[in-house]
Structures are given as structure tokens and as C-alpha cells.
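Taking my numbering, I'd label the letters of the sequence shown as residues 2 to 105.
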Amino acid sequence: MLSRLQELKKEEEALLKVKTSLQDQLNRLKVEELALRSMIMTREDGDDDTDNCGQAAEPVESSMQVDDASVINQTQLQLSTLQSVRNASQENEEEEEDEEECIS
């Protein structure tokens, strides 16, 4: 009975580690999605090379390219993605504020 309980605790710890890893990977994917959406919006807005305020649009970073699937599968998870998600969220909030300023 005691050994079974210890086994279950070890399994729980392993599952919690897997859960954490999957959440981190999900956060990385969310950051990548935000980057891709930003690139798409920049390209759509950049067709006339000006944004809604009449300012020159910022060029799309060439380093933001979609990776090869085999490379992605071999990449180790980066556990510090929470900060990246926060940074991306802040950037989106700043962009929304800028858009609101342009409208008013």
C-alpha cells in the first residue's frame, strides 16, 4: 500500500513536469502566433507604406521566419517563455493605445 502511494506520488510529479513543459510550449506557440499576426497586419497595412496615422510603417523583421518542422521538433523547450508572452502582450497593448490615439 505504501509503495503504491509512493509510486503514485512519483507519477504525479512526472505528470506535473509534463504539464509545465506543455504549458511552456503553448506559451511559445502563442508568442509565435502573435508575431505572425503582427507580421500579417504589418504587411497588410504596409501595402501603402503608411499606417493609419500617416507615419511610415516599420519594416518587417527578416529574422521572424517560420522554422522548419524538423528543426522545431528537435528544439528543446525554453522555460523562460512567460516573460516573452508578457512582452508580446505589452507590445500589443501599446499598439492598441497608438491606434486609439490615431483615431482621436
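Virtual Cβ for every residue (Gly too), placed ideally from N, Cα, C.
Separation of residue 42 and residue 97 (C-alpha to C-alpha, rounded to the nearest whole angstrom) is 13 Å. Each residue's CA atom was taken as its position, placing residue 9 and residue 102 some 56 Å apart.
The three-state reading of DSSP puts residue 42 in helix, counting H, G and I together. Rounded to whole angstroms, residue 38 and residue 18 show a C-alpha spacing of 30 Å.
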